[in-house]
Ligand SMILES: Nc1ncnc2c1ncn2[C@@H]1O[C@H](COP(=O)(O)OP(=O)(O)OP(=O)(O)O)[C@@H](O)[C@H]1O
Ligand SMILES: Nc1ncnc2c1ncn2[C@@H]1O[C@H](COP(=O)(O)OP(=O)(O)OP(=O)(O)O)[C@@H](O)[C@H]1O
Ligand SMILES: [Mg+2]
Ligand SMILES: [Mg+2]
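Protein chains in written order, with the numbering used here: chain A, 769 to 1158; chain X, 26 to 367; chain U, 26 to 367; chain D, 6 to 288; chain P, 156 to 455.
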């Protein structure tokens, strides 16, 4: 039999590793092969929808956090609990509880996270040096790495280097990555975008956080503004926010770099985590087999294996030496930052109507990113737009 | 074998009656020409015979077979189109051989028949050319050649010369006459050029509004037209028609004569006082061999006169005379009065 | 005022010389016709006069003004196109008034002039119609009307009748002649129909390959063509040209004569033994008023003969005679030998 | 000015015209130049100071394009789908156009009216039911919908009408000659009508090919496997595993997608314009 | 006598022809019924249901979807407005430019082929490529367009980030992309106008402008109508261009109907609502086309 398994990576190293796991599955099921189908990340959820609605469902696949609730609620995901519980030596409780939050409901398990990747600050060490500034990692160690400091260094970097001080995730903070741009500061200020069916954008914490970003973009001009490209990886911005998987780009970048935790704020430390899980589709023809494969893929050995690319959610793996040493690009002490963040952080918000929410937010957030925007008004408008959907 | 019979043949397009009951017998080997004003139904009639238009009513026989519902290709007729309709993507040889090929005539036989037709039409040297590389007259010959190779019983021509210039037209006309002589097939030929009709036909059919006006040899039509329409249609410049009163000077008229016809070439100019009629020259048109005079008669009508020699000046007064055998008398209904000399 | 003078006029399109030096004087009020085979440059010459083509070299005068560089609209000429070029979206009134409107002639004056032209051309009843609702002859009149309203000094016509059927052509021809008589303007008229040329022209200009072959009155060209080209171009059916040797029977020839021309209408049929030449009738074409005989001479050439009365049967042997005044002698270069009777 | 002759004046005017045309042409040409140039730059340089000439030519981009995803395969997909669609459309629409133009039968006007109304309906209107239809036929994630929908959708109808217009204007005699020669109706269509309607066929082919070549919505919806992608999808798919665009590859690939078509167009431009003129696209 | 070629008595020539006609039409008609007429009726049905694409649950809700679209959803009217603004901006600009270029390029002069190719080239370029390139050229300050504008002393807007300018940008780039096709159609039409009309008018003293205004333009009427209808329909169908250039933003400033239908149906999985939108779009396009055809009928 053949299992179709959709992923969004086309990276050869990733695929080699995944194929290795499929190979080891043959010990139990010699006749089963796994075919990984790459769907580009940008269209992943969309295409998956078409495959499901179009009657051509894969058996299993990766799923991003923002789609989790939508898919679970539409009933297209298979409950994995029976298969996981039945698997030999499989300890579901080993997964950190916050990491599983999104994927469990009552005693059903809709997916098993394979990548629980906190957001960190990537910085260009050379630029900090030439501006004569302490780098974020050093600041963080001294406990001085907070939002105000962040604004200050960004401004100083911009002035010193003639490049931008900070770039949102992949430069897409104004369109496809709104949440990645807004969430970290709002959390740092102790707010949230929504919770329990209530919009959090217009709460004072969120307003203050966004106001600060807005100032940085339009007053300090230290953040790459909308409509411009100031690519961190090409050396056009001194800092960016991203997940550690992005470190793979750094060897080509040609400058010294490092990673640091997100700046703290009035709300204290608030690491933000992006997540992806493995799910089985209810419409698939080989659900049991697929579920069994998921159990295999997420057993302790394989999670440790995958940790070289994807930060794990298994406590046992996280605490191991193997994890801090797993990423060849990142020194162990910086890797600890990651582990720390995974343990303390919270996952990006999700919602069963997240496509609608995002679409409803988008135009109002666009209005926010104007030089003359009134941040509070704009955020009120965001809430007005999304409240009915919540 | 290849005679042709039309019995009360009719054709309607939607509610428009185009052919309104035509009876005609064409003998084997006869050369029949259809003439008539534009839109009278010449082409339609021809196309009905060929099978390109279906017959609304009546009976159409080729030989002794009713062919109303027989497919065009199976009627044993061949058609030469006004535009020649040569296949532009085939060379002369293939154009001529196309019909044989479609009918699955074997290669060597096909070759033979194409060669035969090409020889007959002096097309041997042109067999490899494409239609666009041919002159008008050559194209016309290829079109005929294409018709010949099928050994049809009946040839149909729809204004085959109207796309040629005047000189070539005269030449091809005689070639067609020669061809008919050689092949001896039944031929039906549509034209609106009455010189062509006169010179080619054994029998002319004059059509008007979907009806036959007169059938006869060229000489019959020229000399004894059945009615004013035929009289004016045949002959160029066309016959002068004068009211009986104005033509009284020409002499006695049969009872019931309403108008008198006289062809321009049958009038002669004499001194004003010696003419049977008299009038004033309005315009003289010199054409070299002859001149055409427009004479305003004293009775008010204008009369055309063709004369050979020198013509009088414009505005000169002249007399006109005609031989009484050249006069045509018509009744009030336009039909010829035959009792006097007919 | 409105005479016209061309001095060594030339026109090149790219490297192709189309008009290769034309000299011509047209008097005020003269009716000049350009004839010549297709592609000889008739239209080009006319368009140069109108200003639609610019002059490559030479001088063009209208009246006593050099107009080489004058804009078309300011030359005082009006043109009637072969296609009539009536604006399809304007009715007859607006078509005729268009030129006045763009020249900002005030409304009432415009109305008056259009009405005047319409009356002259009997178009009154048609003023509200659109070109597509007119017959060929009516369109032609509108095109002339459009030219008239501008009160031009010179009228230019480019084959204005070639789109009409034969009968209408004859009719419109005489209308144009009448118009010229009434208006008295200078008119230049292009045609390839030599009957038109003969009947309309005061003066015919025969063109060939961008050069003038002969200029003269119709009668001059018919009776005394300068060369074989003109001799064969003017007259229909065209002049028979026989090698001097074959034509010896007609009598003495001037020294240097290479060929002898004789028009078909100048030959008469006599008994074979009494003819100056003799031959065999190949085809006779009866056309009513006259017949056209194709006679194969004993010397091998084919000769056309037009006769009036009854014609001999095909294959009959006949003799041919001609009056010596009707013979044309040409040298080896094709030029007429004028020393004998000319 | 007074001393200028007409022909000199014309020359001056022509020069002015040409210069203004050149100016108007800038926004048409520039994107191509920029695309070609950027496709040869490194990822960093694209974001650097704008310049049309790359500091160093990264031909390697063109190699990477093929390593990144099965670009050759995708290129081929686009090509074969466009060719298939074009061939099918030509076949079907010329048959239907011929029948509408040439054959007399009751209901011809009705059929024509019926079809023409389809021209006004955007594909977006029917895309959802077609999505289910394709799913029901089991053709999801195959190339079939990319072939069937354009051929039978409004685009195919446009073809039918172009063909009909052309056949209407074509002299009937040739076909009648064929009939007299004993050709069947199909034979007349195939051996006479089609060879004579090359300009119309060319116009339909061009329009259809371009339409298929640029089809975006349908592949977006129906195709999910990478190796079944068509070019427009593939082009928007040069992102790294985390969803960020790889501009240099995208632009190199875009160049690869555009330039061949442009070259073909350049070679065929005269025929293209003529075929539009002759085929009565003017309506 | 000979039985050669006698027909089957039951099949007249006329019946045979009709049969052949239906045979020739059958591939088109069958496909058309399956992939066009059927779906069109299906859309009507879907629009009366609530239908989740992902869960495939269907409930009949009557006219609720229309009610939602027309009365309750504030975005809807903006989307309609955007579509209309897009059309009103694009159609005249496209047609005027197409006509201008066609007039300039309809006669032969050295370089005419080059220019025709240049103006037609974007037509053969995939929309994806076009959008990608223009997105770059239209960047805020670093973009080429604004750099050029800066060169002549104009400080350009942040094209794709300001709703009104973004609309301008998508319209203009779309016009540049598509104008070549209309240009060719106009060239073909111009070449079909006999040159004699122009010559006659020139002889009568008309200026270039008068010739255009009084002769050429009226004669182009039928072509203009056809172009107007296709361009208008095309402007309502535009999807890929918007999807790729702005994704409907900023502030929904370029969210047009076709894109909105896609979003509702395939991103929000709301098939019923999307179908109702499709029906509304259908009605709008039909109405516009009929109006345009009626206008034309009136002035001939
Ligand atoms: N397919 C058709 N549908 C309707 N009417 C037709 C059709 N074909 C011919 N007619 C009409 O039938 C009449 C006769 O046409 P036909 O072509 O036979 O005339 P014709 O005598 O050949 O004229 P011409 O000398 O102009 O060729 C015309 O009035 C014509 O309009
Ligand atoms: N614009 C042009 N460019 C190049 N050659 C041209 C142009 N116009 C005419 N010619 C050539 O000039 C020659 C004369 O053309 P013109 O139209 O004056 O002939 P014509 O005597 O009017 O012929 P016809 O009797 O066929 O109308 C022809 O060989 C033609 O091909
Ligand atoms: Mg006819
Ligand atoms: Mg000419």
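Glycine is no exception: its CB is placed at the ideal position from the N, C-alpha and C atoms.
**OP:** May I ask whether a heavy atom of ligand 1 can be found less than 8 Å away from the beta carbon of residue 81 of chain X?
**Re:** no
Original post:
Mind checking if residue 156 of chain P is an interface residue toward chain D, Cβ cutoff 9 Å exclusive?
Top reply: Confidence in residue 156 of chain P is poor, its pLDDT being 37 and thus under 50, which makes the residue's placement unreliable; the coordinate value appears in the next sentence. No, because no Cβ of chain D sits closer than 9 Å to the Cβ of residue 156 of chain P.
Original post:
Going by other Cβ atoms of all chains shown within 10 Å of its Cβ, with 16 needed for buried, is residue 156 of chain P buried or exposed?
Top reply: Here residue 156 of chain P scores only 37 on pLDDT, less than 50, and its place in the model is too uncertain to base an answer on.
**OP:** Please confirm whether any heavy atom of ligand 4 lies closer than 8 Å to the CB of residue 184 of chain U.
**Re:** Judged by the Cβ position, residue 184 of chain U qualifies as a neighbour of ligand 4 at the 8 Å threshold, a heavy atom of the ligand being closer than this.
Subject >> Nearest-angstrom Cβ-Cβ length linking residue 1005 of chain A and residue 985 of chain A, presumed shorter than 8 Å >> reply: In fact, because the Cβ distance is near 13 Å, the residues do not count as touching under 8 Å.
Subject >> Bounding residues of the alpha helix (DSSP H) (the contiguous stretch that carries residue 982 of chain A) >> reply: 972-986
**OP:** Take every Cβ of the segment 170-179 of chain X, pair it with every Cβ of the segment 121-129 of chain X, and state whether three or more of those distances are shorter than 8 Å.
**Re:** yes
Subject >> Under 9 Å by beta carbon: chain D residues contacting residue 112 of chain X >> reply: Ordered by position in chain D, the residues that pass the 9 Å Cβ test against residue 112 of chain X are 179, 182, 183, 196, 197, 200, 201.
**OP:** Could you have a look at residue 82 of chain D and say whether DSSP puts it in helix, strand or coil?
**Re:** helix
Original post:
residue 943 of chain A to residue 169 of chain D, Cα distance in whole Å?
Top reply: 47 Å
Original post:
Which chain P residues sit within Cβ distance under 7 Å of residue 358 of chain X?
Top reply: Result: empty, since nearest Cβ-Cβ is about 39 Å, beyond 7 Å.
Subject >> Assumed close pair residue 893 of chain A, residue 1025 of chain A - CB separation to whole angstroms, cut-off 8 Å >> reply: 6 Å
**OP:** Please list the partners that residue 98 of chain U has in chain P, where partner means a Cβ-to-Cβ separation under 8 Å.
**Re:** Residues of chain P passing the Cβ test: 357, 358, 359, 360, 361.
Original post:
If residue 253 of chain P and residue 270 of chain D are in contact, beta carbons under 8 Å, what's the gap, nearest whole angstrom?
Top reply: At roughly 18 Å, the Cβ-Cβ gap does not stay under 8 Å, so residue 253 of chain P and residue 270 of chain D are not in contact.
Original post:
Just reading off the beta strand (DSSP E) that residue 884 of chain A is part of, what are its end residues?
Top reply: 880-892
Subject >> Three-state secondary structure (DSSP) of residue 414 of chain P >> reply: helix
**OP:** Assign residue 108 of chain P to buried or exposed, taking buried as 16 or more other Cβ atoms, counted over all protein chains shown, within 10 Å of its Cβ.
**Re:** With chain P covering 156 to 455 only, the question about residue 108 of chain P has no answer from this structure.
**OP:** Please classify residue 85 of chain D: is it buried, with 16 or more other beta-carbons within 10 angstroms of its beta-carbon, or exposed?
**Re:** exposed
Original post:
Per DSSP, what kind of secondary structure is residue 305 of chain P in: helix, strand or coil?
Top reply: helix
**OP:** Answer with yes or no whether the minimum CB distance from residue 193 of chain P to chain D is below 9 Å.
**Re:** Interface residue, yes.
Original post:
What are the start and end residues of each continuous beta strand (DSSP E) run of 3 or more residues lying completely inside the segment 799-877 of chain A, in chain order?
Top reply: 801-806, 828-832
**OP:** State yes or no: is the C-beta of residue 108 of chain U nearer than 8 Å to some heavy atom of ligand 2?
**Re:** Between ligand 2 and residue 108 of chain U, a heavy atom-to-CB distance of less than 8 Å is absent.
Subject >> Short CB-CB distance (under 9 Å) between residue 33 of chain U and chain D >> reply: no
Original post:
For residue 135 of chain D and chain P, any beta-carbon pair shorter than 9 Å?
Top reply: Among the residues facing chain P, residue 135 of chain D is included, as its CB has a counterpart in that chain under 9 Å away.
Original post:
Taking all protein chains shown into account, do 16 or more other C-beta atoms lie within 10 angstroms of the C-beta of residue 25 of chain D, making it buried, or fewer, making it exposed?
Top reply: exposed
Original post:
If you count every other CB in all the chains shown that lies within 10 Å of the CB of residue 55 of chain X, and 16 or more means buried, which is it?
Top reply: buried
Original post:
Should residue 67 of chain U be listed as close to ligand 4, given that the test is whether its C-beta is under 8 Å from any heavy atom?
Top reply: Yes; taking the cut-off as 8 Å, the Cβ of residue 67 of chain U has a heavy atom of ligand 4 nearer than that.
**OP:** Within its chain, find whatever has a CB closer than 8 Å to the CB of residue 161 of chain U; leave out the 5 residues flanking it on each side and keep chain order.
**Re:** 188, 189, 190, 193
Subject >> Start-end ranges of the alpha helix (DSSP H) lying completely within the segment 381-427 of chain P, minimum 4 residues >> reply: The DSSP assignment places complete alpha helix (DSSP H) segments of no fewer than 4 residues inside the segment 381-427 of chain P at 395-400, 412-417, in order along the chain.
Subject >> Exposure of residue 445 of chain P, with buried meaning 16 or more beta-carbon neighbours within 10 Å >> reply: exposed
**OP:** With a floor of 4 residues, list each alpha helix (DSSP H) that falls wholly inside the segment 207-291 of chain U, ordered by position along the chain.
**Re:** 219-225, 243-248, 253-258
Original post:
Quick one: does the C-beta of residue 215 of chain X sit closer than 8 Å to a heavy atom of ligand 3?
Top reply: yes
Subject >> Extent of the continuous beta strand (DSSP E) run through residue 180 of chain X >> reply: 179-183
Original post:
Pick from P:408, P:192, P:311: whose alpha carbon is nearest that of residue 125 of chain D?
Top reply: P:192
Original post:
Within this structure, are the beta carbons of residue 145 of chain X and residue 204 of chain X separated by less than 9 Å?
Top reply: yes
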